[in-house]
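Undergrad: Residue 123 is where the sequence shown starts when you use the numbering used here, and the numbers rise one by one after that. Mind looking over this structure? Questions follow.
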Amino acid sequence: MFDDSTILITGGTGSFGKRYVKTLLDRYNPRKIIIFSRDELKQFEMQQTFDAPNLRFFIGDVRDRARMVQATRGVDYIIHAAALKQVPAAEYNPSECIRTNIDGAENVIHAAAENGVKKVIALSTDKAANPINLYGATKLASDKLFVAANNMHADRETRFAVVRYGNVVGSRGSVVPFFQGLIDNGATRLPITDPEMTRFWISLQQGVDFVLTNFQRMQGGEIFVPKIPSVRVVDLATAMAPDLEQEVIGIRPGEKLHEIMCPADDSHLTVEFDDHFVITPSFRFFDRDLSYVTNALNENGKPVSRGFEYNSGTNPDFMDPSAISEFNAQAMA
123 MFDDSTILIT GGTGSFGKRY VKTLLDRYNP RKIIIFSRDE LKQFEMQQTF DAPNLRFFIG
183 DVRDRARMVQ ATRGVDYIIH AAALKQVPAA EYNPSECIRT NIDGAENVIH AAAENGVKKV
243 IALSTDKAAN PINLYGATKL ASDKLFVAAN NMHADRETRF AVVRYGNVVG SRGSVVPFFQ
303 GLIDNGATRL PITDPEMTRF WISLQQGVDF VLTNFQRMQG GEIFVPKIPS VRVVDLATAM
363 APDLEQEVIG IRPGEKLHEI MCPADDSHLT VEFDDHFVIT PSFRFFDRDL SYVTNALNEN
423 GKPVSRGFEY NSGTNPDFMD PSAISEFNAQ AMA
């Protein structure tokens with residue numbers, strides 16, 4: 123579906139954007155790929171990495187609606203990856219986080235509908251489920267905006283959906299490069315927030331592939347959640363540095379002991395498929411009656427039981443230190 127199409131990626135110079143571009147170029151023949159971001163240095167560096175005549179770079183900020191509208195003219199598909207993601211920074215700079223993550227989401231939605239973009243997928247996070255920090259709260263608001271956009275712009279052909287997943291191995295700001303930096307600098311111990319802490323675990327390529335497939339699955343209004351393993355942070359530290367002591371430093375402000383991707387309060391809206399879940403809209407669309415039990419790829423799911431919660435602490439799929447080492451090595455290759 124991406125052959126001879128124009129794809130725009132907001133925040134495209136990040137870890138996800140660069141892997142998404144590589145995957146598109148390897149597997150498809152897109153007419154144009156537009157990288158939309160505000161950092162000229164990162165764009166320059168990315169241009170040195172990719173020798174592709176169909177790659178375009180737009181300097182701009184998702185906060186700027188007029189620039190967003192200009193950038194999306196002639197675009198077929200949008201991946202909205204731009205966000206302020208650092209939990210402590212969001213707590214300290216709440217207005218900035220709101221302007222990017224919420225106002226920016228509205229601008230992407232407006233621009234897509236204005237220019238007749240076919241499909242938009244917004245990247246979300248497990249922190250948007252039952253959020254306890256501002257970053258998670260802004261991403262929940264963003265998720266709600268993208269789902270509701272299918273009603274707000276029902277007179278347009280544009281369809282909107284969301285992809286929500288957990289920690290990405292090796293992405294900027296994640297714990298793996300943090301631990302690795304300490305190890306490389308001769309640390310004698312690794313800091314552990316809590317011995318019981320767990321996280322969902324996904325590779326960058328798995329995230330990219332999941333988004334690509336969901337462009338084909340989506341009908342509009344879904345929040346797609348992959349079935350992925352969990353890790354215990356103590357097991358991650360053991361996998362990366364089995365001989366180093368672990369020092370418990372306590373949970374930081376805005377952190378959870380376990381992450382959630384499908385809240386129990388949304389169980390009546392959640393449909394389970396073989397390799398993913400879908401959280402369906404909490405309202406009916408004005409112009410169409412969709413059955414999310416069967417998706418656009420004709421895959422069939424079934425409603426989960428009432429009270430079901432997809433929680434990293436109760437996930438039936440856990441990796442031990444050996445499996446984590448193997449997974450991380452493949453993910454970072």
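Glycine residues also receive a C-beta, built at the ideal position from the N, C-alpha and C atoms. It should be emphasised that the depicted structure is a prediction, and the values quoted were computed from it without experimental measurement.
Alpha carbon to alpha carbon, what distance is there between Ile-156 and Phe-179?
TA: Taking the straight line from one Cα to the other gives about 6 Å.
Undergrad: To the nearest angstrom, how far is it from the Cα of Asp-331 to the Cα of Pro-175?
TA: C-alpha separation (whole angstroms): 23 Å.
Undergrad: Can you list, in chain order, the stretches of the beta strand (DSSP E) that have 3 or more residues and sit fully within the segment 321 to 398?
TA: Counting only runs of 3 or more, we get 345 to 348, 352 to 354, 367 to 370, 382 to 384 and 392 to 394.
Undergrad: Compute the Euclidean distance between the alpha carbons of Val-297 and Ala-263, then round it to the nearest angstrom.
TA: So the alpha carbons of these two residues sit roughly 26 Å apart.
Undergrad: What is the DSSP secondary structure of Lys-207, reduced to helix, strand or coil?
TA: Lys-207 falls in the coil class under three-state DSSP.
Undergrad: Pull up the distance between the alpha-carbon of Asp-458 and that of Gly-303, whole angstroms please.
TA: The requested residue 458 does not occur in the structure, where the chain is confined to residues 123 to 455.
Undergrad: If you follow the beta strand (DSSP E) that Val-285 is in, where does it begin and where does it stop?
TA: Val-285 -> beta strand (DSSP E) spans 281 to 285.
Undergrad: Is DSSP giving Lys-154 helix, strand or coil here?
TA: Strand at Lys-154.
Undergrad: My guess is that Ile-457 and Val-400 are in contact by the Cβ rule of under 8 Å, so how many angstroms apart are they, rounded?
TA: This structure cannot settle anything about residue 457, because the visible part of the chain is limited to 123 through 455.
Undergrad: What do you reckon, are the CB atoms on Asp-126 and Asn-151 nearer than 8 Å?
TA: Yes, the pair counts as a contact, with Cβ atoms nearer than the cut-off.
Undergrad: Excluding sequence positions up to five away, which residues of its chain have a Cβ less than 8 Å from the Cβ of Arg-195?
TA: For Arg-195, where only same-chain residues beyond five positions count, the Cβ hits under 8 Å are Asn-237.
Undergrad: Please say whether Gly-136 and Phe-158 have beta carbons closer to each other than 8 Å?
TA: Contact flag unset, no.
Undergrad: Would you kindly report the start and end of the unbroken alpha helix (DSSP H) that includes Pro-313?
TA: No alpha helix (DSSP H) holds Pro-313; the beta strand (DSSP E) holding it covers 311 to 314.
Undergrad: Considering only C-alpha positions, which residue in the set Gly-372, Ser-325 and Thr-310 is nearest to Pro-317?
TA: Of Gly-372, Ser-325 and Thr-310, the residue nearest in Cα terms is Gly-372.
Undergrad: Within 10 angstroms of the Cβ of Ala-283, are there 16 or more other Cβ atoms? Answer buried if so, exposed if not.
TA: When all chains shown are included, Ala-283 counts as buried.
Undergrad: Helix, strand or coil for Lys-477, going by three-state DSSP, please let me know.
TA: A query on residue 477 cannot be resolved here, the shown segment of the chain reaching from 123 to 455 and no further.
Undergrad: Going by CA-CA distance only, name the one from Pro-375, Val-353, Asp-388 and Ala-309 that's closest to Asp-365.
TA: Taking only the C-alpha atoms, the option nearest Asp-365 is Ala-309.
Undergrad: Measure the Cβ-Cβ separation of Asn-433 and Ile-382 and say whether it is below 8 Å.
TA: Cβ atoms of Asn-433 and Ile-382: closer than 8 Å.
Undergrad: Quick check on DSSP: helix, strand or coil for Leu-245?
TA: If DSSP states are grouped into helix, strand and coil, Leu-245 belongs with the strands.
Undergrad: For Leu-358, is the classification buried or exposed, using 16 other Cβ atoms within 10 angstroms of its Cβ as the cut-off for buried?
TA: That one is buried.
Undergrad: If I measure Cβ to Cβ from Ala-115 and keep anything under 7 Å in the same chain, skipping five residues before and after, which residues do I get?
TA: Nothing can be reported for residue 115: it is not among the residues displayed for the chain, which extend from 123 to 455.
Undergrad: Would you tell me roughly how many angstroms separate the C-alpha atoms of Asn-450 and Ser-325, rounded to the nearest one?
TA: Roughly 8 Å between the two C-alpha positions.
Undergrad: Provide the residue span of the beta strand (DSSP E) that contains Leu-163, from first to last.
TA: Run containing Leu-163: none in the beta strand (DSSP E); it sits in the alpha helix (DSSP H), 162 to 171.
Undergrad: So, is Val-370 buried or exposed, given that buried needs 16 or more other C-beta atoms within 10 angstroms?
TA: By the neighbour-count rule (16 or more Cβ atoms within 10 Å), Val-370 is not buried but exposed.
Undergrad: Taking its Cβ as the centre, do 16 or more other Cβ atoms sit within 10 Å of Thr-132, making it buried, or is it exposed?
TA: Its Cβ being crowded by 16 or more others within 10 Å, Thr-132 is buried.
Undergrad: What is the DSSP secondary structure of Phe-124, reduced to helix, strand or coil?
TA: Three-state DSSP puts Phe-124 in coil, outside helix and strand.
Undergrad: Taking the alpha-carbon of Lys-462 as reference, which of Thr-335, Gln-452 and Asp-173 has the nearest alpha-carbon?
TA: In the structure as shown, the chain begins at 123 and stops at 455. Residue 462 is therefore absent and cannot be evaluated.
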